[in-house]
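Here UniProt numbering is used: position 142 in the sequence shown is 142, and no number is missing along the way. Glycine residues also receive a C-beta, built at the ideal position from the N, C-alpha and C atoms. In this text the structure is predicted, and so the values were computed from the model without any measurement.
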Amino acid sequence: MGAQRTAVVTGSGRGIGKATVELLQAHGVNVIGVDLAGADINADLSTLEGREALEAGVRERCPAGIDVIVANAGVLTDDELSIQVNYFGAVETLERLRPMLRSDAPRVVVVASRSVLKPVDHAIVEACLDGDEARAVALAQQTGSPHLLYATGKRAIARWIRRNAGLPAWAGAGIALNGVAPGAVLTPMIAQRDPAEQARLAVERPMPLGGMATAEEVAALIDFLADAKNSKIAGQLIFIDGGGETLMGQEDIWEAMVNKQASTATAN
Ligand SMILES: NC(=O)c1ccc[n+]([C@@H]2O[C@H](COP(=O)([O-])OP(=O)(O)OC[C@H]3O[C@@H](n4cnc5c(N)ncnc54)[C@H](O)[C@@H]3O)[C@@H](O)[C@H]2O)c1
């Protein structure tokens, strides 16, 4: 048996984060939980102070380094918190903790969402990817379509994963960086929605393989991606929605990439 692995899991207090903590622990991983309160490290990841507390807390508890980061903390809101927590909180979690990853099979998983397939506010996505939190938040506060903000934060983090995963700082340093994109998962986040809204979403956003997911089912995918066994998957956003995404999107999702390569080759 190798040395015990250490994982940092944000949003560890309930839902998908809690199920992930329990599964990792069952597999012998030492887990540092991070949440607003009641966790190993209490930190509000929507704020600079909270992000600093996360970094300092992990440095203090894990002087020898860590092996896994699960950036899971998130909110389902129609305001700027969806940008501050779901995008900037996640990116800062990854960037601040990346230097602490040890060299033996480091793995990073971000919990995004199938909502990446919904319409988004492109100006906010660009502000996010520019790293300009003040601009992204100001745009979010002004937007006339606040219901787009959750999908916007998730689309931005999904693009950040694809932008970064193959670079020297990540795959080049042996770090497998991936995202998971759950459909509807039975957690307190969803339970807070009113029943009529839940019923409407079940029809509009189907989960053909067995209906809504449990937090444990999502945790099992995170656990695999976080394990040393995952030695080659990187930069992927894996939909865990019972096949729903295949009904919502195009069948030939690869042709756009062929066209992009062809136009790049012509330009060169
Ligand atoms: N439940 C779903 O249907 C669903 C679907 C797709 C994606 N997701 C994503 O999965 C992740 C987990 O969601 P969940 O369903 O378990 O939700 P949840 O609300 O049950 O749990 C989220 C956890 O994150 C913590 N958190 C929230 N804001 C935080 C902050 N500012 N700083 C630190 N911690 C904070 C909460 O305290 C909570 O413990 C989220 O990123 C969410 O967007 C959920």
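Three-way DSSP call (helix, strand, coil) for residue i in this model
i, result
"T6", "strand"
"R193", "coil"
"A262", "helix"
"A138", "helix"
"A71", "strand"
"V203", "helix"
"A43", "coil"
"A213", "strand"
"I222", "helix"
"I233", "coil"
"I253", "coil"
Enclosing alpha helix (DSSP H) for residue i [first to last residue]
i, result
"N164", "149 to 164"
"D35", "Careful: D35 lies outside any alpha helix (DSSP H), inside the beta strand (DSSP E) at 30 to 35."
"V21", "15 to 26"
"residue 269", "Because the chain in this structure spans residues 1 to 268, residue 269 falls outside the shown range and cannot be described."
"I124", "122 to 129"
"A53", "48 to 61"
Neighbourhood of residue i by C-beta, 7 Å cutoff - its chain only, sequence neighbours within 5 removed
i, result
"A123", "L139"
"G153", "S82, I83, N86, Y87"
"A136", "I83, I124, A127, C128"
"W160", "V91, L129"
"L221", "V180, I238, I240"
Limits of the unbroken beta strand (DSSP E) element including residue i
i, result
"L237", "237 to 240"
"N178", "176 to 182"
"V109", "107 to 111"
8 Å Cβ cutoff met for residue i and residue j
i, j, result
"D223", "L81", "no"
"M207", "G174", "no"
"R155", "G235", "no"
"L97", "A73", "no"
"A176", "I233", "yes"
"V111", "V58", "no"
"V120", "A158", "no"
"L149", "D78", "yes"
"A184", "R205", "yes"
Sequence-distant residues of its chain with Cβ nearer than 8 Å to residue i (five each side left out)
i, result
"L186", "M212, A213, T214, A215"
"P188", "R14, G15"
Min CB distance residue i to chain C below 8 Å
i, result
"D44", "Among the chains of the structure shown, chain C does not appear; only one protein chain is present."
Sequence-distant residues of the same chain with beta carbon closer than 6 Å to residue i, five excluded per side
i, result
"R193", "none"
(message) For the structure I just gave you, are there three or more beta carbon pairs, one from the region 32 to 42 and one from the region 101 to 117, closer than 8 Å?
(response) Three or more Cβ pairs closer than 8 Å define a contact, and the region 32 to 42 falls short of that threshold against the region 101 to 117.
(message) Under 8 Å, with one C-beta from each stretch per pair, do the region 56 to 72 and the region 4 to 12 reach the 3-pair mark?
(response) Touching, per the Cβ criterion.
(message) Taking contact to mean 3 or more Cβ pairs, one atom from each stretch, closer than 8 Å, check whether the region 15 to 34 and the region 219 to 233 are in contact.
(response) Of all C-beta pairs linking the region 15 to 34 to the region 219 to 233, three or more are shorter than 8 Å, placing the two stretches in contact.
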